[in-house]
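Everything in the sequence shown is counted per the working numbering, starting at 37 for the first residue and increasing by one.
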Amino acid sequence: MSFKLFDRQLVLPAVADALRKLHPRVQLRSPVMFVVYIGSIITTLLYFQALDGAGEASPGFILATAVWLWFTVLFANFAEAMAEGRSKAQAASLRSLKQSVTSKKLAAPKHGTPWLPCPATDLRKGNHVLVEAGDVIPIDGTVVEGVASVDESAITGESAPVIRESGGDFSSVTGGTRVLSDWLVVQVTANPGETFLDRMIAMVEGANRKKTPNEVALTILLVALTIVFLIVTATLLPFSLFSVAAAQAGSPIAITVLIALLVCLIPTTIGGLLSAIGVAGMSRMMQANVIATSGRAVEAAGDVDVLLLDKTGTITLGNRQASAFFAAPGVTERELADVAQLASLADETPEGRSIVVLAKQKFNIRERELSPVHAAFIPFSANTRMSGVDMAGRAVRKGSADAVRKHVEAAGHAWPAEVERAVDDVSRRGSTPLVVADNGRVIGVVELKDIVKGGIKERFAELRRMGIKTVMITGDNKLTAAAIAAEAGVDDFLAEATPEDKLKLIRNYQADGRLVAMTGDGTNDAPALAQADVAVAMSSGTQAAKEAGNMVDLDSNPTKLLEIVEIGKQMLMTRGSLTTFSISNDIAKYFAIIPAAFVGTYPQLKALDVMQLSSPNSAIMSAVIFNALIIVFLIPLALKGVRYRSIGATALLRRNLLVYGLGGLLLPFIGIKLIDMLLAAFNLV
């Protein structure tokens, strides 16, 4: 769902939308541009008056001023229409995923019970449907029975199928996805029109976007500036008339000139682009495959100063890998590897498979055929916290240190001090010790290591430079958590975390005035997600997590939180940069238009004409033209956003003042002078 900046399919509808937005009700949404809109109407009426010979200035000058004022309004409308057009194109792409599906509505929530065909539009919350291989899931729901692979590429863009099953954190299914194998009994969790896909479409519709708190505050500031300049400009006409009458010399200022002066004084640049910046910010979030439930969530992401990140899958790769063997006294490392591999042959977990692979890599120990010896594999149990294999009077076990110690001591064997030290050393490094025993005798320790993702430490360093604190959350013990935190480079960590601990931590930070972001996918994450200022739920997670979050990551990538913060900051940087540019821009325009506007009343003001413009009319026209064109040149910047840089607030402020403050001050001098030279060269004024 990516679109070129000025794709023809977006530009042509945007031009039509820009004209439709000339309706007064639409213009009222932007008070600054509404003033320009009213000014355009007045100058147009003054032009018709001038055609009758009763004009305050030449018809050509008034017409040219009116035309460029209308262009200013249209260019602002076009910027907003372009931003909305990208969102509408994204929404149309999502809307095409909605299908008319006939579901298999079950009489009872049990596989094998009779079902009747039922249109998806007739399903309601609490209904149960059967979805079999090849069927499209008719509506959002939760799996209550069965396990199946599901193709979610239509929603996430990822071609690899995912497993959905009853219970746990992977029981949520989305309407419009397709079951590839087996079957599922799904309980409907949303009425038609309230599904996840419907919410996605509504969220990316830029036209329905509500202004964020910061945007409202900036609008109030712009309105205040506009009112001040409106009052000032309104008092200039009687003041000019009085001065001319008193001096009995000179000429009063024209209303057309006053309108041009007002338009150039008020912050039209940021006023015309403000809405486009906000819409484009949400559009960029969508391009990152993240659905924000509101512009406020995107804005809050830019203000976040504390990030809570889950260890597994975010900071580490997610699966612990066997990295080393530590043999007990009297046992060789090869013997330990052989026994550990034997205990892991039926263990299909990533950890178990990694032990088999490590033994093969280090000692070329191959998997062996165990059926002749009638091997009975013991699966891992939460009660015993061990797994292994029994065969021919031999019992091999591997598991946690505490569990294996009880097993060994119950068999009458000693627990070697060397093994205890190895367990402590492995734990101190942040790894997980897995102890192996053969017939009640300790053989040694296997180190399972959490692999920290490559480049994650550098990302955390960038966030630190931005003034953002990173906190790792894990269920590991404090010793393991401390080692992983040090290796990853996070600022703090919360070990042995429960849902209550996460909620308490977020509230503590918020009580200190901090804005907190976190990510989660499980039902147990829902309370903390609901409390966080920016809560990113995984699309693959539970319905409770998605409803609690204010953003949904379609890729279900926990590290996306870092990218979300960058996009939020980019939106705030863009708004701040263009506001700085707009205000600086207006200061420069004063030197062009004020001397020209009042030189007829006060000839001494000619001394302030530092640009040495060719004539008063040319100066006014050049400023008005520049004021309109600068919006056009800034549309790409408003849509793409200011380039993100991971620097602190002070350095960012300094850079903005230099680039957009000083640049905004100098550019009008150059631009207005060039336009003036062109107007003079072609005798257009």
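Idealized CB from N, CA, C, for every residue including glycine.
Range covered by the alpha helix (DSSP H) that runs through residue i
i    : result
M502 : Here M502 belongs to no alpha helix (DSSP H), and DSSP marks it neither H nor E.
A156 : Run containing A156: none; DSSP gives neither H nor E here.
A624 : 596-634
A725 : Because the chain in this structure spans residues 37 to 721, residue 725 falls outside the shown range and cannot be described.
L670 : 652-676
Q284 : Q284 -> no alpha helix (DSSP H), and no H or E assigned at all.
V47  : 44-56
K396 : 386-399
R543 : 535-547
A518 : 514-524
R61  : 60-63
M565 : Rather than Met, the amino acid found at residue 565 in this sequence is Leu. L565 -> alpha helix (DSSP H) spans 562-567.
DSSP-derived helix/strand/coil call for residue i
i    : result
H164 : strand
K485 : strand
R433 : strand
N244 : Caution applies to N244, whose pLDDT of 48 falls short of 50 and renders its modelled position unreliable; the model cannot decide the point.
L372 : helix
L702 : helix
A290 : coil
E456 : helix
F39  : At F39, the pLDDT of 48 sits below 50, so the modelled position is not reliable; the number obtained from the coordinates is stated separately. Of the three classes helix, strand and coil, the one that applies to F39 here is coil, per DSSP.
P469 : strand
I327 : strand
V209 : strand
G317 : helix
T348 : strand
S94  : coil
A497 : helix
S380 : helix
W104 : helix
I711 : helix
Q640 : helix
E230 : coil
H443 : helix
N113 : helix
I302 : coil
V252 : helix
Y680 : coil
V721 : coil
K124 : helix
For residue i, the residue or residues it bridges with in DSSP
i    : result
Q223 : H164, T178
S139 : C154
A573 : G556, V588
L343 : T506, A553
V186 : V198, V215
R477 : D474
V172 : R214
Cβ-Cβ distance between residue i and residue j below 7 Å
i    : j    : result
S656 : A333 : Before going further, note that residue 656 is Ile rather than Ser in the sequence given. For I656 and A333, no; Cβs fall outside 7 Å.
G525 : K505 : no
R604 : A337 : Residue identity check: residue 604 is Gly in the sequence provided, not Arg. Yes, the Cβ-Cβ distance between G604 and A337 is below 7 Å.
N227 : K140 : no
F114 : A50  : yes
T269 : N621 : no
D589 : M607 : no
L644 : P631 : yes
V432 : A379 : yes
G511 : A547 : no
F662 : I711 : yes
Unbroken beta strand (DSSP E) run spanning residue i, endpoints
i    : result
F362 : 357-363
M427 : 422-427
P67  : Unbroken run through P67 is the alpha helix (DSSP H), 67-87; no beta strand (DSSP E).
L530 : 528-530
Supposed contact pair residue j and residue i - C-beta distance, whole angstroms, cut 8 Å
i    : j    : result
A290 : A93  : 5 Å
A156 : T149 : 20 Å between Cβ atoms; not a contact.
A674 : T610 : 7 Å
I302 : V71  : 6 Å
V68  : L258 : 5 Å
A373 : K398 : 6 Å
F265 : L294 : Going by Cβ atoms, the distance from F265 to L294 rounds to 11 Å, so no, they are not a contact pair.
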